[in-house]
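S.K.: Residue numbers (the UniProt record's numbering), protein chains in the order written: chain C, 1 to 303; chain U, 1 to 303. Structure in structure tokens, see below.
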């Protein structure tokens, strides 16, 4: 099946293009980007031009930041093409609801992806937790924004999500593996005095689950979650890639290269089956954190 | 049918109790409140005691602030009773999703009420807009928090919603009457330096709709919305009670006494039909405003 990729930036080059080149399901048939191109692939600078010129391309994958994404997503669906969205699937819940309704009316597939759910040990962690009772949980998601988003001011603009850009990856795993959903009970959000999105957040959920998100961690990075259950301790480390039960390594390795190939394999199945997948639970928890959170002002942040 | 009322404060006395006393469908059979009572009605101070003592009461209506409401709502549903919720139906979207799932599993009715949708001219406004194209809209919702919420510090605490407490009434009308849903495009939120919830907000939606919410309006209060369509101008004034088409009064009066009787009549129908009504669209727009909004700091606010 032919697919077009819109937004040829860092995440497209690092993950989407290699995943598509290795895929048995997909042929990368066009790109759309103001500046970026992929060698050997027809390139466009505007989505409308690509949609008009290439009616043979049935699926479009978007790797744009959340704010400019909606207009392109709507155009793709109106043109009757299947749509795959990087996380988070939009800047607001209402716009994603609108896209889901439109995809439904158009009879096409929409897939709101959560790449962290495809990490190597997530399915095993979910299996292990099934039927157990979570008594306590601790999520620590601390990374260096200067390393992962160098100079990307949009991430700290209003609507840019700040530390929830990586934090939502943790929440996408949490909402996938827990046997029962959690609710947010309280949140503390730290906004740099010169920015409109938080650089750190501490969240308290039901079922004794807490999360500590921080965008200021230099040196080793931390993407860990630990759960105490009625039947032992589980830890999921390295962004969902490594599972430990009662302190012993059970599965996985320090590798994130499998996530995007798995997303594209799932998209191929969804299109073949005429289905959609739009679980907004991680995004709901982020919106709840912004709604419920205490706002603290912290030191200015400069890249 | 017998009903219990939980939370005997200002809104219960002003609206819920008179509506129930005048209702042909309901008998107010018990109250639960730490301090408040209703003459001639059995009173309890804890929800669990009422649920245990009065298995004959099949329906419970909650008039508690959003933050303490969830635990009571969950207990009501677990006890197999039908549940009616004041607006907003919870402090977070995730907790309302959890209540909806629980009601579904228990086979009972849940009704997330929006009293402003029952204002006298809302249905006529919706009928008039049907099939028309909205080109522009302007919502002005300005009231005096000292008059309507005297000394209620919880409304400016984190999760207290601030000016969205009245603003969500406007959004509940907007989402009811528009022929097509709107998305939030941008928001400006004004937080008093000494408070954790906004005292004013300016919202920009798709379809040319804008909203101006302010909690600092002394003197005459304003709850107006005006729409320019492809077939004339419509204004809905006095909180949805008065409809004007092209400047001429069409329907309604300055009266809000009909809203709560209409809510209880609808709850009676939902229970009889074994149905639920939980439209979260107004709450989604508020969560989107907190997620997307620019935060401005304004002068301290004291009651």
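Backbone N, C-alpha and C define an ideal beta-carbon position, used for all residues, glycine too.
Quick check on DSSP: helix, strand or coil for residue 249 of chain U?
M.R.: Start at 1 with the first residue of the second chain, and residue 249 of chain U comes out as number 249. Three-state result, residue 249 of chain U: strand.
S.K.: I need the straight-line Cα distance from residue 204 of chain C to residue 186 of chain C, nearest angstrom please.
M.R.: Reading the first chain from its first residue, position 204 is the one you call residue 204 of chain C. Reading the first chain from its first residue, position 186 is the one you call residue 186 of chain C. Roughly 5 Å between the two C-alpha positions.
S.K.: Are the C-beta of residue 183 of chain U and some C-beta of chain C separated by less than 8 Å?
M.R.: Walking along the second chain from the start, residue 183 of chain U turns up at place 183. Closer than 8 Å: yes.
S.K.: Mind pulling the chain C residues with CB within less than 8 Å of residue 208 of chain U?
M.R.: The residue you call residue 208 of chain U lines up with position 208 of the second chain. Within 8 Å Cβ-Cβ: nothing; residue 208 of chain U doesn't reach chain C, min ~16 Å.
S.K.: In chain order, what residues of the segment 270-298 of chain U put their CB closer than 8 Å to some CB of chain C?
M.R.: Cβ contacts with chain C: 281, 284, 285, 286, 287, 288, 290, 291, 292, 293, 294 and 295.
S.K.: For residue 32 of chain U, which residues from the same chain have a beta carbon less than 6 Å from its beta carbon, with the 5 sequence-adjacent residues on both sides left out?
M.R.: In the second chain, the residue the question calls residue 32 of chain U occupies position 32. Correct list, in chain order: 6, 44, 47 and 50.
S.K.: Per DSSP, which one or two residues make a beta bridge with residue 295 of chain U?
M.R.: As a position in the second chain, residue 295 of chain U is number 295, starting the count at 1. Per DSSP, U:189.
S.K.: Quick check: what's the CA-CA separation for residue 243 of chain U versus residue 131 of chain U?
M.R.: Against the second chain, residue 243 of chain U aligns to sequence position 243. Against the second chain, residue 131 of chain U aligns to sequence position 131. C-alpha separation (whole angstroms): 18 Å.
S.K.: Among C:28, C:181 and C:224, which has the Cα closest to the Cα of residue 119 of chain C?
M.R.: As a position in the first chain, residue 119 of chain C is number 119, starting the count at 1. Measuring from the Cα of residue 119 of chain C, the nearest candidate turns out to be C:224.
S.K.: Let me make sure I understand the geometry here. Which of C:115, C:8 and C:98 has the alpha-carbon closest to that of residue 181 of chain U?
M.R.: Position 181 of the second chain, counted from the start, is the residue given in the question as residue 181 of chain U. Checked all of C:115, C:8 and C:98; the closest Cα to residue 181 of chain U is C:98.
S.K.: Is any beta-carbon of chain U found at less than 8 Å from that of residue 39 of chain C?
M.R.: Looking up residue 39 of chain C in the first chain gives position 39. So no, residue 39 of chain C is outside the interface.
S.K.: Nearest-angstrom Cα distance between residue 102 of chain C and residue 91 of chain U?
M.R.: Residue 102 of chain C sits at position 102 when you count from the first residue of the first chain. Residue 91 of chain U sits at position 91 when you count from the first residue of the second chain. C-alpha separation (whole angstroms): 29 Å.
S.K.: Report yes or no: is there a C-beta of chain U within less than 8 Å of the C-beta of residue 133 of chain C?
M.R.: Translated into positions along the first chain, residue 133 of chain C becomes position 133. No - not a single Cβ of chain U is within 8 Å of the one on residue 133 of chain C.
S.K.: Using only alpha-carbon positions, find the residue among C:156, C:128, C:266 and C:146 that is nearest to residue 226 of chain C.
M.R.: In the first chain, residue 226 of chain C corresponds to position 226, counting from 1. For the residues C:156, C:128, C:266 and C:146, the minimum Cα distance to residue 226 of chain C belongs to C:128.
S.K.: Evaluate residue 241 of chain U with the Cβ neighbour count: other Cβ atoms within 10 Å of its Cβ, from every protein chain shown; 16 or more gives buried, anything less gives exposed.
M.R.: Counting from one through the second chain, the residue named residue 241 of chain U turns up at place 241. That one is buried.
S.K.: Check the DSSP bridge columns for residue 205 of chain C and list the partner residues they point to.
M.R.: Mapped onto the first chain, residue 205 of chain C falls at position 205. In the DSSP output, where bridge partners are listed per residue, residue 205 of chain C has C:184.
S.K.: State whether the segment 163-183 of chain C contacts the segment 262-269 of chain C, with contact taken as three or more CB pairs (one from each stretch) at a distance under 8 Å.
M.R.: No contact exists between the segment 163-183 of chain C and the segment 262-269 of chain C.
S.K.: Have a look at residue 216 of chain C and residue 147 of chain C and give me their C-alpha separation to the nearest angstrom.
M.R.: Within the first chain, the letter at position 216 stands for residue 216 of chain C. Within the first chain, the letter at position 147 stands for residue 147 of chain C. About 10 Å.
S.K.: How is the beta strand (DSSP E) around residue 110 of chain U delimited, first residue to last?
M.R.: Position 110 of the second chain, counted from the start, is the residue given in the question as residue 110 of chain U. Residues 110-112.
S.K.: Are the CB atoms of residue 26 of chain C and residue 260 of chain C nearer to each other than 8 Å?
M.R.: Counting from 1 along the first chain, the entry for residue 26 of chain C is found at position 26. Counting from 1 along the first chain, the entry for residue 260 of chain C is found at position 260. No, these two residues do not count as a Cβ contact at 8 Å.
S.K.: Could you pull out every residue in the same chain whose Cβ sits closer than 6 Å to the Cβ of residue 235 of chain C, ignoring the five residues on either side in sequence?
M.R.: In the first chain, residue 235 of chain C corresponds to position 235, counting from 1. For residue 235 of chain C, where only same-chain residues beyond five positions count, the Cβ hits under 6 Å are 226 and 244.
S.K.: Compare the C-beta of residue 159 of chain C against all C-beta atoms of chain U and say whether one is closer than 8 Å.
M.R.: In the first chain, residue 159 of chain C corresponds to position 159, counting from 1. Chain U contact via Cβ: present.
S.K.: Per DSSP, which one or two residues make a beta bridge with residue 85 of chain C?
M.R.: On the first chain, residue 85 of chain C is found 85 positions in, with the first residue counted as 1. Residue 85 of chain C pairs with C:62 and C:112.
S.K.: For residue 43 of chain U, name the three-state secondary structure that DSSP assigns.
M.R.: Walking along the second chain from the start, residue 43 of chain U turns up at place 43. Note: residue 43 of chain U maps to strand in three-state DSSP.
S.K.: Is residue 89 of chain C closer than 8 Å to residue 168 of chain C when the C-beta atoms are compared?
M.R.: One-based indexing of the first chain puts residue 168 of chain C at position 168. One-based indexing of the first chain puts residue 89 of chain C at position 89. Going by C-beta atoms, residue 168 of chain C is not nearer than 8 Å to residue 89 of chain C.
S.K.: Please classify residue 232 of chain C as buried or exposed, where buried requires at least 16 neighbouring CB atoms within 10 angstroms.
M.R.: One-based indexing of the first chain puts residue 232 of chain C at position 232. Residue 232 of chain C comes out exposed.
S.K.: Provide the residue(s) that pair with residue 234 of chain C in DSSP beta bridges, ordered along the chain.
M.R.: What you label residue 234 of chain C is simply residue 234 of the first chain in a count that begins at 1. Paired residue(s): C:227 and C:245.
S.K.: Could you work out which residue in C:290, C:198 and C:145 is closest to residue 221 of chain C when comparing CA atoms only?
M.R.: Here the question's residue 221 of chain C lines up with position 221 in the first chain. Ranking the options by Cα distance to residue 221 of chain C, first place goes to C:145.
S.K.: Contact check, residue 289 of chain C vs residue 201 of chain C under 8 Å by CB: the rounded distance?
M.R.: Position 289 of the first chain, counting from 1, holds the residue named residue 289 of chain C. Position 201 of the first chain, counting from 1, holds the residue named residue 201 of chain C. Indeed they touch by this definition, with Cβ atoms about 6 Å apart.
S.K.: Whole-angstrom Cβ separation of residue 276 of chain U and residue 110 of chain U, contact assumed at under 8 Å?
M.R.: To locate residue 276 of chain U, count along the second chain from 1; it is residue 276. To locate residue 110 of chain U, count along the second chain from 1; it is residue 110. Right, the Cβ-Cβ distance comes to about 5 Å (below 8 Å), so this counts as a contact.
S.K.: How is the alpha helix (DSSP H) around residue 17 of chain U delimited, first residue to last?
M.R.: Locating residue 17 of chain U in the second chain gives position 17, where the first residue counts as 1. Run containing residue 17 of chain U: 17-21, per the alpha helix (DSSP H) assignment.
S.K.: Are the C-beta of residue 211 of chain U and some C-beta of chain B separated by less than 8 Å?
M.R.: You won't find chain B in this structure, because its protein chains are C and U.
S.K.: Span of the alpha helix (DSSP H) holding residue 128 of chain U?
M.R.: Stepping through the second chain from its first residue, residue 128 of chain U is reached at position 128. 122-129 is the extent of the alpha helix (DSSP H) around residue 128 of chain U.
S.K.: Quick check on residue 136 of chain U: buried or exposed, where buried means 16 or more other Cβ atoms within 10 Å of its Cβ?
M.R.: In the second chain, counting from the first residue as 1, residue 136 of chain U sits at position 136. The residue in question, residue 136 of chain U, is exposed, as its Cβ has fewer than 16 Cβ neighbours within 10 Å.
S.K.: Compare the beta carbon distance of residue 280 of chain C and residue 93 of chain C with 8 Å and say whether it is the shorter of the two.
M.R.: Translated into the one-based positions of the first chain, residue 280 of chain C becomes position 280. Translated into the one-based positions of the first chain, residue 93 of chain C becomes position 93. In contact: residue 280 of chain C and residue 93 of chain C (Cβ atoms closer than 8 Å).
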